[in-house]
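Trainee: Below you will find the structure I want to go over with you.
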Amino acid sequence: MATKKTTNVESAENPRTTRDGTEPCLRTESISKSFRNVQALSDISISMYPGEVIGLVGENGAGKSTLLNILTGILTADEGQLYVHGEPVEFTNPREAAERGVSLVHQEIDVLPNFRGYENLFLGREKDTIGLLNQEEMRNEAQAFVDDLGLDIDVNEFAQNYSFNEHQMLEIAKAFHISRDAENPVILLDEPTSGLEEAGREILFEKIDELRDQATFVFVSHELDEILEITDRIYVLKDGKLNGEFETESTTEEDLQQSMVGRETASDYYRVPDQTPASEFGASALEVDGICYEDEVGPVSFSVERGEIFGIVGVEGSGKQRLGRLLAGALPATDGRIVIDDTEVVPNSPADMVDAGVGYIPKDRKSEGLLLYQSVLKNTSLAMVRDMFGRLPFLNMGAERTATEEMIEELNIKTPGSKALVHGLSGGNQQKVVLGRWLARETPVLVMDNVTRGIDIGAKEEVYRLLRELTDAGISIVLIGDEMPEVIGLSNRIGVMADGTFAGSPVDSSPDNKPAEEELIQRMI
Amino acid sequence: MSGEPTTNTIQQWIETQRSERSRQDWIIDLGPFVMLGSLIVLFTALSDNFLTYGNLVGNVARNSALLLLVALAGTFPILQQSIDLSVAALVSLSAVLTVILISQIGFLAIPAVLIAGMFAGFINGFVFAKLKVPSFLVTLGTLSVLNGVALIITGGSTITFRNPAMRSIATGELIPSVPNLVFWALLIYAATVFLAFRTKFGRYCYALGENESVVELAGAKVDRYKIYPFVLSGLLCAIGGMLLALRISSASPGVGDGLLLPSIAAIVMGGTALTGGVGGPHRTILGVLVIAVLQNGMNLTAVDPFVQEIILGAVVVAAVALSIDRRKIDVVK
Numbered sequence: 001m002a003t004k005k006t007t008n009v010e011s012a013e014n015p016r017t018t019r020d021g022t023e024p025c026l027r028t029e030s031i032s033k034s035f036r037n038v039q040a041l042s043d044i045s046i047s048m049y050p051g052e053v054i055g056l057v058g059e060n061g062a063g064k065s066t067l068l069n070i071l072t073g074i075l076t077a078d079e080g081q082l083y084v085h086g087e088p089v090e091f092t093n094p095r096e097a098a099e100r101g102v103s104l105v106h107q108e109i110d111v112l113p114n115f116r117g118y119e120n121l122f123l124g125r126e127k128d129t130i131g132l133l134n135q136e137e138m139r140n141e142a143q144a145f146v147d148d149l150g151l152d153i154d155v156n157e158f159a160q161n162y163s164f165n166e167h168q169m170l171e172i173a174k175a176f177h178i179s180r181d182a183e184n185p186v187i188l189l190d191e192p193t194s195g196l197e198e199a200g201r202e203i204l205f206e207k208i209d210e211l212r213d214q215a216t217f218v219f220v221s222h223e224l225d226e227i228l229e230i231t232d233r234i235y236v237l238k239d240g241k242l243n244g245e246f247e248t249e250s251t252t253e254e255d256l257q258q259s260m261v262g263r264e265t266a267s268d269y270y271r272v273p274d275q276t277p278a279s280e281f282g283a284s285a286l287e288v289d290g291i292c293y294e295d296e297v298g299p300v301s302f303s304v305e306r307g308e309i310f311g312i313v314g315v316e317g318s319g320k321q322r323l324g325r326l327l328a329g330a331l332p333a334t335d336g337r338i339v340i341d342d343t344e345v346v347p348n349s350p351a352d353m354v355d356a357g358v359g360y361i362p363k364d365r366k367s368e369g370l371l372l373y374q375s376v377l378k379n380t381s382l383a384m385v386r387d388m389f390g391r392l393p394f395l396n397m398g399a400e401r402t403a404t405e406e407m408i409e410e411l412n413i414k415t416p417g418s419k420a421l422v423h424g425l426s427g428g429n430q431q432k433v434v435l436g437r438w439l440a441r442e443t444p445v446l447v448m449d450n451v452t453r454g455i456d457i458g459a460k461e462e463v464y465r466l467l468r469e470l471t472d473a474g475i476s477i478v479l480i481g482d483e484m485p486e487v488i489g490l491s492n493r494i495g496v497m498a499d500g501t502f503a504g505s506p507v508d509s510s511p512d513n514k515p516a517e518e519e520l521i522q523r524m525i
Numbered sequence: 001m002s003g004e005p006t007t008n009t010i011q012q013w014i015e016t017q018r019s020e021r022s023r024q025d026w027i028i029d030l031g032p033f034v035m036l037g038s039l040i041v042l043f044t045a046l047s048d049n050f051l052t053y054g055n056l057v058g059n060v061a062r063n064s065a066l067l068l069l070v071a072l073a074g075t076f077p078i079l080q081q082s083i084d085l086s087v088a089a090l091v092s093l094s095a096v097l098t099v100i101l102i103s104q105i106g107f108l109a110i111p112a113v114l115i116a117g118m119f120a121g122f123i124n125g126f127v128f129a130k131l132k133v134p135s136f137l138v139t140l141g142t143l144s145v146l147n148g149v150a151l152i153i154t155g156g157s158t159i160t161f162r163n164p165a166m167r168s169i170a171t172g173e174l175i176p177s178v179p180n181l182v183f184w185a186l187l188i189y190a191a192t193v194f195l196a197f198r199t200k201f202g203r204y205c206y207a208l209g210e211n212e213s214v215v216e217l218a219g220a221k222v223d224r225y226k227i228y229p230f231v232l233s234g235l236l237c238a239i240g241g242m243l244l245a246l247r248i249s250s251a252s253p254g255v256g257d258g259l260l261l262p263s264i265a266a267i268v269m270g271g272t273a274l275t276g277g278v279g280g281p282h283r284t285i286l287g288v289l290v291i292a293v294l295q296n297g298m299n300l301t302a303v304d305p306f307v308q309e310i311i312l313g314a315v316v317v318a319a320v321a322l323s324i325d326r327r328k329i330d331v332v333k
């Protein structure tokens, strides 16, 4: 049933108001919204039916957030109409939307940690007798409610003792609770997996599956594989317009990417043809020999040539992330040696590794990568400051200005200027600033942990192009990643980590010999 | 592009960013100037003596020189998101040490006191950076220790010295009609501004105030740069205590008392947030001037000294409330 259909303007005249005779529980008709001169959404007509899990994808700025905000009454559409079970509605605030059955579970979970589960559930709608809280009643009702939903949470526990998953379940329970009088609520999940590890993701998906006969879920995510795993139908937004509607069953990741970005993808996506061939590698740039961290990581040995991308994959907890931190000097190695450019390094601190020529790009750029409230210039020059005028204490203001301007130009960093705060930049541009920090210092070896995490597809493509350019220039890259296709597509060789060490020797991943994902996964477990 | 509303979304976004930033900075940047301006207008209207060279330089500037030094000392630890609460105690101890050492080793007292101050600062910094004790706790402890040492040295009473040559370091006029005290304070002010903006030390101070692990991963020797601000603080307090002792040819163990609160108030009012990373010594002088003008004006208009205390305290709280860091109200996405 390949009903892949690209909906465009004509959908406005032909909205799918019914499906197999059922009324959609939430429908939008030609919704448009603009901010000043920017058209954020134009002519969006979508329908959601009871029992469905709907995917909503699009690049950053495609209008996903605006659409969610309109659906939940945070924003009001300039044009168009919302229908709940066929009845035209106008929401003026999230509360109203929730009571009619449309609620949003945020990216940042908002649960009060110092409140118990049931207190959170009843927050703002407490049951009281002339001001005295009926705690017992609320507790019992809350426990019965979550039990009914089949959610495994103890409502008498403080929310701070909940796992991330339980927080999320509590949020979902809240959404159900607030809309308990509405028939078939719609629950919008905005990037629900962004804080979750693999196991938590599975639990979430299971719960969504269990609850789908009681509600409709809308799943918003950057991770296309998740979208394909959990949803029935997918809407693609691009530049504020509805660019496609897909039946998940007959859709591939590439279809979605193409619809989101609007250019062809396949293996061109990772620029495999541009991959530096092994014959053009320079001498060995980084040699790791039996490095260990207590009994948790190691011994790990590998070497990376000049111009090579060495991928590292492994499940959560396999030690791949710690290996990255070892290479960054942020974790002290307890045994083994690291040789860079034929010089042995004693990695006692990040400073030692930076001096030796290794730059580390951490997984969480907001907490470890960037000075968010400082300028692009101060962020870009942060690593080069150390070498200015040798041991003298002065800053070379001219050099840092030139280097920053060069990086903005070369990496195509979209910023109002070198003095703008990085906080205001998009994820992709922020990541380019982190990259620029090491390039400004002419760092020969880069260790990257999930370098494209949380950035949109357009920016990912730019990063892939940059990585190819860097290796052309002779820079060596250790690429640690959670996304297997990305690591396979980009790397020359791949080390598979399991239980803190490599499972077998590195796998060849040259352009005409890319390993299959399954092959690596087998080694990971 | 000029004038015409552009259709390029990125260009539009860039322009919004520009306008938002400048509006926000506007308020934070101009706050202390507006405050200072209104106080000057107020006191000029209320007192004929206020707006005279003699009053402004001889009283306002000279009396605030010490506060400026102490506030500058406190600025750097706060910039890197720590705090030095021992400044006032160190001023007292340095003053006492100066008096005692002058009678024994003369001019050599100067380097000796400065080294002692830096050493005290180093201890603060070392315990904070290496032993990972929160700085407010460390310096609260040293505050008590330093006060105790000053009491022991003096036996609790005021001590004096006679040495006109040394006294003139603080009371003379190297530049005609500019009191030396003011001259030294301004010289040190200029030096700290240079440190903040033209040296690696200054850059790392701001960066550490923002996010320590970023700085560490960028390859800086973080521990070292966490200690330096305290050493600098010690040095500046020692200079302050010494000038104070030289000026009045005497010192008592409680001579620096009462400097801590106004100095922190001046720092925060100037725009250095207690959460670190923003502001700097160049702005601290504004806070010092606000407090100095307020005190001087209240004296000239004969406000009851007890009431002055209340007003000063209220101003401090108001200033902190106004300078709340924008990242605290920013919803992190």
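Going down the list, the protein sequences come from chains A and B. Per my numbering, the first sequence runs over residues 1 to 525. Per my numbering, the second sequence runs over residues 1 to 333. The C-beta atom is built at its ideal place from N, Cα and C for all residues, glycine as well.
1. To which residues of the same chain is Ala97(A) closer than 6 Å at the C-beta, ignoring the five residues directly before and after it?
2. Could you pull out every residue in the same chain whose Cβ sits closer than 8 Å to the Cβ of Asn63(B), ignoring the five residues on either side in sequence?
3. For a contact meaning CB atoms closer than 9 Å, what does Gly342(B) contact in chain A?
4. Which term fits Ala459(A), buried or exposed, when burial requires 16 or more other beta carbons within 10 angstroms of its beta carbon?
5. With a threshold of 7 Å on Cβ separation, who are the neighbours of Val215(B) within its own chain once the five nearest residues in sequence on each side are excluded?
6. Over the uninterrupted beta strand (DSSP E) stretch that includes Phe122(A), give me the two end residues.
7. Which whole runs of the alpha helix (DSSP H) in the segment 457-493 of chain A are 4 residues long or more, in chain order?
8. Evaluate Phe164(A) with the Cβ neighbour count: other Cβ atoms within 10 Å of its Cβ, from every protein chain shown; 16 or more gives buried, anything less gives exposed.
9. List the endpoints of the continuous alpha helix (DSSP H) containing Tyr83(A).
10. Checking 9 Å against the spacing of the C-beta atoms, do Thr301(B) and Ser47(B) come in under that value?
11. Contact defined as beta carbons within less than 8 Å: I believe Leu243(B) pairs with Ala170(B). What is the distance between those atoms, to the nearest angstrom?
12. What is the DSSP secondary structure of Leu421(A), reduced to helix, strand or coil?
13. Using DSSP with H/G/I as helix, E/B as strand and the rest coil, what is Gln39(A)?
14. Could you tell me which whole alpha helix (DSSP H) segments of length 4 or greater appear in the segment 163-226 of chain B?
15. Which residue from Gln143(A), Gln168(A), Val376(A), Thr471(A) puts its Cα closest to that of Glu406(A)?
16. So what does Lys241(A) bridge to, in DSSP terms?
17. Can you give the Cα-Cα distance for Gly282(A) and Thr334(A), rounded to whole angstroms?
18. Would Val304(A) be called buried (16 or more neighbouring beta carbons within 10 Å of its own) or exposed?
19. Note down the Cα distance separating Pro94(A) from Ser103(A), rounded to an integer number of angstroms.
20. Looking at C-alpha atoms only, which residue of Ala199(A), Ile178(A), Asp387(A), Met448(A) is the closest neighbour of Arg365(A)?
21. If you measure beta-carbon to beta-carbon, which residues of the segment 215-231 of chain B are closer than 8 Å to chain A?
22. Shortest alpha-carbon distance to Ala328(A) belongs to which of Gly314(A), Ile340(A), Gly336(A), Pro350(A)?
23. By the criterion of Cβ-Cβ separation under 8 Å, what are the contact partners of Ala200(B) in chain A?
24. Compare the C-alpha of Lys241(A) against each of Gly58(A), Gly86(A), Ile477(A), Cys25(A) and name the closest.
25. Quick check on Lys363(A): does DSSP put it in helix, strand or coil?
26. So what does DSSP say about Gly336(A), is it helix, strand or coil?
27. Is the CB of Ala207(B) under 9 Å away from at least one CB in chain A?
28. Could you check which residue in Ser367(A), Pro277(A), Phe219(A) has the C-alpha nearest to that of Asn211(B)?
29. May I ask which residues mark the beginning and end of the alpha helix (DSSP H) holding Pro515(A)?
30. Under 8 Å Cβ-Cβ, which residues of chain B neighbour Ala328(A)?
31. In three-state terms, what does DSSP make of Tyr53(B)?
32. By the DSSP assignment, the beta strand (DSSP E) with Val345(A) in it spans what residues?
33. Between which residues of its own chain and Pro511(A) is the CB-CB distance below 8 Å, once the five residues before and five after are set aside?
34. Using a threshold of 9 Å, state whether the C-beta atoms of Gly117(B) and Ala238(B) are closer than that.
35. Checking 9 Å against the spacing of the C-beta atoms, do Thr28(A) and Ile54(A) come in under that value?
36. Can you pull the chain B residues whose beta carbon is under 7 Å from the beta carbon of Ala351(A), in chain order?
Mentor: To lay it out plainly:
1. Here the question's residue 97(A) lines up with position 97 in the first sequence. Sequence-distant partners of Ala97(A) (beyond 5 residues in either direction) whose C-beta falls short of 6 Å from its own C-beta, in its chain, are Thr72, Gly73, Phe91.
2. The count along the second sequence starts at 1 and reaches residue 63(B) at position 63. Correct list, in chain order: Ala292, Gln295, Asn296.
3. Nothing about residue 342(B) can be read from this structure; chain B reaches only from 1 to 333.
4. Counting from 1 along the first sequence, the entry for residue 459(A) is found at position 459. Its Cβ being crowded by 16 or more others within 10 Å, Ala459(A) is buried.
5. Sequence index remark: in the second sequence, residue 215(B) carries index 215 (1-based). For Val215(B), where only same-chain residues beyond five positions count, the Cβ hits under 7 Å are Tyr204, Ala207, Leu208, Val222.
6. Within the first sequence, residue 122(A) is the residue found at index 122, counting from 1. No beta strand (DSSP E) holds Phe122(A); DSSP gives it neither H nor E.
7. DSSP assignment within the segment 457-493 of chain A yields the following whole alpha helix (DSSP H) runs of 4 residues or more, N-terminal first: 457-472, 484-490.
8. Position 164 of the first sequence, counted from the start, is the residue given in the question as residue 164(A). Result: exposed.
9. Your numbering for residue 83(A) matches position 83 in the first sequence. If you look at Tyr83(A), you'll find it isn't in any alpha helix (DSSP H); it sits in the beta strand (DSSP E) that goes 79-84.
10. Within the second sequence, the letter at position 301 stands for residue 301(B). Within the second sequence, the letter at position 47 stands for residue 47(B). In this structure, Ser47(B) lies closer than 9 Å to Thr301(B) by Cβ.
11. On the second sequence, residue 243(B) is found 243 positions in, with the first residue counted as 1. On the second sequence, residue 170(B) is found 170 positions in, with the first residue counted as 1. With 8 Å as the limit, Leu243(B) and Ala170(B) qualify as a contact, their Cβ atoms being about 5 Å apart.
12. Here the question's residue 421(A) lines up with position 421 in the first sequence. Leu421(A) falls in the strand class under three-state DSSP.
13. By one-based count along the first sequence, residue 39(A) stands at place 39. DSSP places Gln39(A) in strand when its eight states are reduced to three.
14. 164-171, 180-198, 200-210, 212-217
15. Numbered from its first residue, the first sequence carries residue 406(A) at position 406. Closest by alpha carbon: Val376(A).
16. Within the first sequence, the letter at position 241 stands for residue 241(A). Bridge partners of Lys241(A): Lys238(A).
17. For the purposes of this step, residue 282(A) is identified with residue 282 of the first sequence, where counting begins at 1. For the purposes of this step, residue 334(A) is identified with residue 334 of the first sequence, where counting begins at 1. Cα to Cα, Gly282(A) sits roughly 30 Å from Thr334(A).
18. Along the first sequence, read from residue 1 onward, the residue named residue 304(A) stands at position 304. With 16 or more other Cβ atoms within 10 Å, it is buried.
19. The count along the first sequence starts at 1 and reaches residue 94(A) at position 94. The count along the first sequence starts at 1 and reaches residue 103(A) at position 103. About 7 Å.
20. Along the first sequence, read from residue 1 onward, the residue named residue 365(A) stands at position 365. For Arg365(A), the closest alpha carbon among the candidates Ala199(A), Ile178(A), Asp387(A), Met448(A) is that of Met448(A).
21. Val215, Glu216, Leu217, Ala218, Gly219, Ala220, Lys221
22. Stepping through the first sequence from its first residue, residue 328(A) is reached at position 328. Selected option, being the one with the closest Cα: Pro350(A).
23. The sequence position of residue 200(B) within the second sequence is 200, counting from 1. Reading the sequence as shown, one finds Lys at residue 200(B) and not Ala. Within 8 Å Cβ-Cβ: Val385, Arg386, Met388, Pro393, Phe394, Leu395.
24. Here residue 241(A) corresponds to residue number 241 of the first sequence, with the count starting at 1. Residue Gly58(A) holds the alpha-carbon nearest to the alpha-carbon of Lys241(A) among Gly58(A), Gly86(A), Ile477(A), Cys25(A).
25. Walking along the first sequence from the start, residue 363(A) turns up at place 363. Note: Lys363(A) maps to coil in three-state DSSP.
26. Within the first sequence, numbered from 1, the residue matching residue 336(A) stands at position 336. Looking at Gly336(A) - three-state DSSP - the assignment turns out to be strand.
27. Position 207 of the second sequence, counting from 1, holds the residue named residue 207(B). Taking Cβ atoms only, chain A reaches closer than 9 Å to Ala207(B), which makes this a yes.
28. Counted from its first residue, the second sequence places residue 211(B) at position 211. Of the candidates Ser367(A), Pro277(A), Phe219(A), the one whose C-alpha sits nearest the C-alpha of Asn211(B) is Ser367(A).
29. Within the first sequence, numbered from 1, the residue matching residue 515(A) stands at position 515. Here Pro515(A) belongs to no alpha helix (DSSP H), and DSSP marks it neither H nor E.
30. Reading the first sequence from its first residue, position 328 is the one you call residue 328(A). Those within 8 Å of Ala328(A) in chain B are Leu217.
31. Within the second sequence, numbered from 1, the residue matching residue 53(B) stands at position 53. Helix at Tyr53(B).
32. The sequence position of residue 345(A) within the first sequence is 345, counting from 1. Residues 343-345.
33. Mapped onto the first sequence, residue 511(A) falls at position 511. Excluding positions up to five away in sequence, the list reads Val272, Pro273, Gln275, Pro277.
34. For this step, residue 117(B) is matched to residue 117 along the second sequence. For this step, residue 238(B) is matched to residue 238 along the second sequence. In contact: Gly117(B) and Ala238(B) (Cβ atoms closer than 9 Å).
35. The count along the first sequence starts at 1 and reaches residue 28(A) at position 28. The count along the first sequence starts at 1 and reaches residue 54(A) at position 54. Taking 9 Å as the Cβ cut-off, Thr28(A) and Ile54(A) do not qualify as a contacting pair.
36. To locate residue 351(A), count along the first sequence from 1; it is residue 351. By Cβ distance, chain B contributes Gly219, Ala220, Lys221.
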